[in-house]
Amino acid sequence: MGNPDGTSATTVKAESRRLMLENIETQKGETVSKSFVVDVRTPRINATEEIRRKSREMDYLNWDNYLTLEFNGPNPCVSSMTIEEANDLPVIFLSGNSTVTDQENEPWASWGQMFPRFLNAEIVVANYAESGETLKAFRGEKRLKKILSVMKPGDYLFIEFAHNDQKPGSSHVEPFSGYQQQLRYFIKSAKEKGAETVLVTSTNRRKFDDKGNIVNTLEEYPDAMRQLAEEENIPLVDLNKMSKDLYESLGVENSKKAFVHYPAHTFPNQEKPLADNTHFNPYGAYQLAKCVVQGIIDQNHQLTKFVVNDWETYNPKQPDSWQNFFWPASPGAEVVKPDGNQTFNRQNINKP
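Each residue of the sequence shown is one higher than the last, beginning at 2 in my numbering.
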């Protein structure tokens, strides 16, 4: 990257808006080389099976047969590029719901799609999370089976579920019975493949009491995961606690800056305000990804060796300034709230 005639600033995203490189700046005549690893996949499991995708997923860049790269920023400049296969690297597989998935369109985002930015080119993130998922549905739609079909010894499985598992319906599970049983199945399945599990407690929703404290809307599910992690000696990233610290530090009003809260007409053809207290915008997703990375480091987990060299210790009680957060928006925007939220507005805007 670089511009012989001037400065450049380039952000690179891959597939469904996964952040790979963040605002790489060069001075006039300067060039820099950067490497990153992208998970490329299809829904196919074997000759007769594939993931049962939702209708909205059919056009997702994550699932097509191509490698898609987006070069964005104030003055992006790429002078050359080399693409090579890298099939022998360790993989972090992400399983979860809308708070984890690679959100396809602005202004939605989740921590899973920001996660690759903080890891070096010696490991790859494969984000299989999808909006609206539960532990049962993730298995029933063969998403776990797909992961297991390509998982190898030395890989990792991250698990974050609860938002939808707690809701009534055929996929509902009780925290200290069915929820833990399903988690044990995921853990056992990964272990049989020689992979290690990392449990991630679910992010809080943005709901405050009259004293400015976050209200626990996830009931006993985070405690059930904490208990299981201790009993099974499984590494745990307590994102539930860290997100509480983050939102309370931002405060009742400023915490909206981490969620999809935008007045009407912020985006083309957006006639109504967006006010979503479950799903994050890029700033919020970025902060939560930093929470996950810091959670790994705090445990001195072996994954720490894959954290980028420019990492700085992160404290969710002292989050990055939302005023100074830089995110070059991708071309497509959409007003549809991801599954897992109680309200939906299915008006698409500016869809590429």
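From the three backbone atoms N, C-alpha and C, an ideal C-beta is built for every residue, glycine too.
DSSP three-state call for Pro117: helix, strand or coil? helix
Q: Please name the residue in Leu240, Asp239, Lys245 whose C-alpha comes closest to that of Gly213.
A: Lys245
Label Val33 either buried or exposed according to how many other C-beta atoms from any shown protein chain fall within 10 Å of its C-beta, with 16 as the threshold for buried. exposed
**OP:** Please state whether DSSP places Pro75 in a helix, a strand or coil.
**Re:** strand
| On the three-pair Cβ rule with 8 Å, is the segment 155–172 touching the segment 86–103? | yes
The alpha helix (DSSP H) enclosing Ser287, as first and last residue numbers
The sequence shown places Tyr at residue 287, rather than the Ser named in the question. Per DSSP, Tyr287 belongs to the alpha helix (DSSP H) from 283–299.
Alpha carbon to alpha carbon, what distance is there between Thr43 and Asp60?
12 Å
### His262, buried or exposed, once every other Cβ within 10 Å from all chains shown has been counted against 16
buried
If you draw a straight line from the C-alpha of Met21 to the C-alpha of Glu107, how long is it? 17 Å
Figure out for me which residue from Ala122, Arg18, Cys292, Arg144 has the closest Cα to the Cα of Glu131. Arg144
Task: Close-in-space but distant-in-sequence residues of the same chain around Lys146 (CB under 7 Å, 5 per side omitted) - done: Ile46
For Val308 versus Phe119, is the C-beta spacing smaller than 8 Å?
yes
Specify the secondary structure class of Ile215 as computed by DSSP and reduced to three states.
strand
Have a look at Phe327 and Trp64 and give me their C-alpha separation to the nearest angstrom.
-> 28 Å
- Query: In whole angstroms, what separates the C-alpha of Pro283 from that of Val253?
  - Reply: 19 Å
*Rounded to a whole number of angstroms, what is the C-alpha to C-alpha distance between Met2 and Val79?*
4 Å
ask   = Given that a residue counts as buried once 16 or more other Cβ atoms are within 10 Å of its Cβ, and exposed if not, what is His280?
value = buried
- request: In the DSSP assignment, find the unbroken beta strand (DSSP E) run with Ser99 in it and report its ends.
  value: Premise fails: Ser99 is in no beta strand (DSSP E) and is neither H nor E.
field: Bridge-paired residues (DSSP) for Tyr263
entry: Leu275
*asked:* Check this for me: beta carbons of Val92 and Val201, under 8 Å apart or not?
replied: no
Subject >> Which of helix, strand or coil DSSP assigns to Thr11 >> reply: strand
If you draw a straight line from the C-alpha of Asp89 to the C-alpha of Trp112, how long is it? 25 Å
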